[in-house]
Every structure is written in structure tokens, then in C-alpha cells.
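J.: Heads up: the sequence shown is residues 3 to 315, going by this note's numbering.
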Amino acid sequence: GNYSSWLEQKSTRLAQEQKQASKRQKTLERELEWVRMAPKGRQAKQKARLNNYEKLMSQDQKQLDERLEIYIPNGPRLGTNVIEAKGVSKAFDDRILYEDLNFKLPQAGIVGIIGPNGAGKTTIFKMIMGEIEPDKGEFIVGDTAKIAYVDQSHSNIDREKTIWQNFSDEQELIMMGNRQVNSRAYLSRFNFSGSEQNKKVNLLSGGERNRLHLAMTLKEEGNVLLLDEPTNDLDVNTLRALEEGLENFAGCAVIISHDRWFLDRICTHILAFEGDSQVYFFEGGFSDYEENKKKRIGADIMPKRIKYKKLIR
3 GNYSSWLEQK
13 STRLAQEQKQ
23 ASKRQKTLER
33 ELEWVRMAPK
43 GRQAKQKARL
53 NNYEKLMSQD
63 QKQLDERLEI
73 YIPNGPRLGT
83 NVIEAKGVSK
93 AFDDRILYED
103 LNFKLPQAGI
113 VGIIGPNGAG
123 KTTIFKMIMG
133 EIEPDKGEFI
143 VGDTAKIAYV
153 DQSHSNIDRE
163 KTIWQNFSDE
173 QELIMMGNRQ
183 VNSRAYLSRF
193 NFSGSEQNKK
203 VNLLSGGERN
213 RLHLAMTLKE
223 EGNVLLLDEP
233 TNDLDVNTLR
243 ALEEGLENFA
253 GCAVIISHDR
263 WFLDRICTHI
273 LAFEGDSQVY
283 FFEGGFSDYE
293 ENKKKRIGAD
303 IMPKRIKYKK
313 LIR
């Protein structure tokens, strides 16, 4: 009796170790592939994404889910008008954050928003969501855009419920896109083990709450994702899984992040807060943007302390 149960436990443990080893192997292979890829190849990969909206939309979601660690349902078909900023200006107190800001989000693009803290990055999300009004100009949200927003306040989490209850509404099987997913298995991909899923939210650390909120938002079936610092509390495996999930997501994702490595691997566009109330919208990845900025401005890539224009009343 005892010996056979010991053997069973040992075989379970070995199977788990093998699974983790193959996960690590997969992460390593992705890192190596990226490091070996010349900048031109990276650019081509990003261009292909923009040209392949139809292909991404029609991928066999069932096969995809079995292969991907973090699966993000595509949401409804997204038209070419996603979100447009037209002549947007915003000031707080006597600081002008930006003046006459104009950009159009691409249909299948992944846009990285970069810049120092306090530059007004999160304010852009709040204006898109209608939580804050611009002083001038407007954000036009396309008719087909369905926005899923990961904010840093975690407003849609019930602190009295457990992680699993919040995520699943107590359903073992949930619908994501057009297919059923095991809610506990999906949550475990955000680094919540079986027993951890039964922890009440009011006992969680800030990092654990961030991971739960990210999981809840990704399952909302938006076709436009607004992610505010999504990578802050992810271990390397979850980070790579999120990256792969985003690469296979057909819609548009906009990501505020300080993680340049992450942005360089997935972004097709950069929206950069460059100081002096200037915001620059660039088509290309993060490394391409840095090259472009060196040519435009010179070697100092980011002002150490951001400067704002004074608002003259």
C-alpha cells in the first residue's frame, strides 16, 4: 500500500518536473530565436502581423489554445477604424502633457506606449474610456471596437471572493471566444496553483491582484486591449506566454510598459512621450524607434527628468 502510493507520488512529481522542463525549454528557444533574428527579420515579422489580420482571425482557435499557454480570444471582427486621436490637448494644473496629439491605431497593431512616470500615459487610456475629457480635440472610437481595459485600480475585482470565484463566476468550464475552457487550468497559466486559487482577494499581494486582473481582462473578448503595465508582476514563463498570446491575437493591443525587451519583441508601433509636451507616433518596433530618435534628436534617448511646457493662462 505505502510503497505503491509513494511510487504514484514519485511518478506524478517526475511528470510535473518534465512539464516544467519543457516549458523552460520552450521559453529558452523563443529567447534564442529572437536573439539570432537580425533587426530586418524582426521588422518583417511585425509587418507580417499587420498584413495578416484575416489569417489571425481565421486561425483554428481550438488547435491554437492547445498550443498556447495564454490564449486570448479575438473578440468580434474589428473594422479599419479602431481609435483615432484628433488634435488632443491635455494639461494638469499648469503643466501641458500634450498639445495637438494625432494618431490612428492600426487594425492588427500592437502599440507600445513609453515615457517617464507622470508624462500622461495612463491619462490617454482614461480619455479613450471617457473617464477624463481632453481640454481640446477628441478620441474617436470606431463602431466595431470593443475595448477591454486593464487598469491599475482593479475596479472589477470583488475582494470578498476568491481568485477562482472572481475569474470564473464559479463555473468549472467557461466560454472564451467560441470554445469552452477549463477555468482552473487557464488561471494556473497566470501562476496561480490549485490551492492558491482558493485564496480570498483581500489577502493577495498587489502583484497577485495584477495577475488576476490581467487574466480577467484577457477573457473579456475585447478586440482592442488597453494594458497598463501588464508585465510588472509576471515571472519569465508567464511573460513569454503573454507575449505569444498577444502575437496570436487578431485585434489591436495598446500596452503601457517600461519593459523595453518585451516591447521590442511584440510592438508594431511606438507612441513615445519625449518630454517638452511632445508625443511621437512611430511605425516600427522599439529598437527601430530608438534608432529613429537618435537621428532626430541625438544620442540622449530619454530625458532623465521629463520637462513640460508651462500652461500660459
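Backbone N, C-alpha and C define an ideal beta-carbon position, used for all residues, glycine too.
(1) Considering Cα atoms alone, identify which of R186, V226, F264 is closest to A243.
(2) Just verifying my parser: in three-state terms, what is the DSSP assignment at W263?
(3) Just the C-alpha distance for L99 and A110, rounded to the nearest angstrom, thanks.
(4) Given this structure, state the Cα-to-Cα distance separating M376 from F283, to the nearest angstrom.
(5) Would you please state the rounded distance, in angstroms, between the beta carbons of G209 and D235? I believe it to be under 8 Å.
(6) According to DSSP, is G208 part of a helix, a strand, or is it coil?
(7) Using three-state DSSP, classify Y73 as helix, strand or coil.
(8) With distances taken Cα to Cα, identify the nearest neighbour of D96 among Y291, S279, R213.
(9) Quick check on the DSSP output: the beta strand (DSSP E) that includes G89 runs from which residue to which?
(10) Please decide whether A93 counts as near chain D, where near means a Cβ-Cβ distance under 7 Å.
(11) With burial defined as no fewer than 16 other Cβ atoms inside 10 Å of the residue's Cβ, what is the status of W8: buried or exposed?
(12) From V256 to K295, what distance separates their C-alpha atoms?
(13) Once you ignore the five residues that flank L220 on each side, which residues in its own chain have a CB closer than 6 Å to its CB?
(14) For H271, write down the residues that DSSP places opposite it in a beta bridge.
(15) With a threshold of 8 Å, are at least 3 pairs of Cβ atoms found where one atom belongs to the region 157-176 and the other to the region 193-208?
(16) Quick one: is M129 buried, meaning 16 or more other Cβ sit within 10 Å of its Cβ, or exposed?
(17) Can you tell me whether M218 is buried or exposed? The criterion is at least 16 other CB atoms within 10 Å of its CB, across all chains shown.
(18) List the endpoints of the continuous beta strand (DSSP E) containing M131.
(19) Kindly list the residues whose CB is nearer than 7 Å to the CB of L107, restricted to its own chain and excluding five residues on each side of it in sequence; keep chain order.
(20) Cα separation between S170 and I176?
(21) May I ask you to list the residues that DSSP assigns as paired with Q280?
(22) Are the CB atoms of N193 and T240 within a distance shorter than 7 Å?
(23) Mapping DSSP to helix, strand and coil, what is G253?
(24) Quick check on E276: buried or exposed, where buried means 16 or more other Cβ atoms within 10 Å of its Cβ?
(25) At what residue ranges does the region 148-221 contain a whole run of the alpha helix (DSSP H), taking only runs of 4 or more?
(26) Which one or two residues does DSSP pair with E140 in a beta bridge?
(27) Between the Cα of L214 and those of G77, E101, A147, L189, spot the shortest distance and give me the residue it belongs to.
(28) With a CB to CB cut of under 8 Å and the five nearest residues on each side skipped, what residues in its chain are close to F251?
(29) Go through its chain and collect everything with a Cβ distance to N104's Cβ below 7 Å, but skip five positions before and after it.
T.: Judging by the given coordinates:
(1) F264
(2) helix
(3) 28 Å
(4) Residue 376 is absent from the structure shown; the chain starts at 3 and stops at 315.
(5) 3 Å
(6) helix
(7) coil
(8) S279
(9) 85-94
(10) Of the chains in the structure shown, none is chain D; there is only one protein chain.
(11) exposed
(12) 21 Å
(13) I74
(14) V113, E285
(15) yes
(16) buried
(17) buried
(18) M131 -> no beta strand (DSSP E), and no H or E assigned at all.
(19) V84, I85, V113, C254, V256
(20) 7 Å
(21) G277
(22) yes
(23) coil
(24) buried
(25) 165-170, 185-190, 208-220
(26) K88
(27) L189
(28) L58, I74, N76, L227
(29) A87, K88, G89
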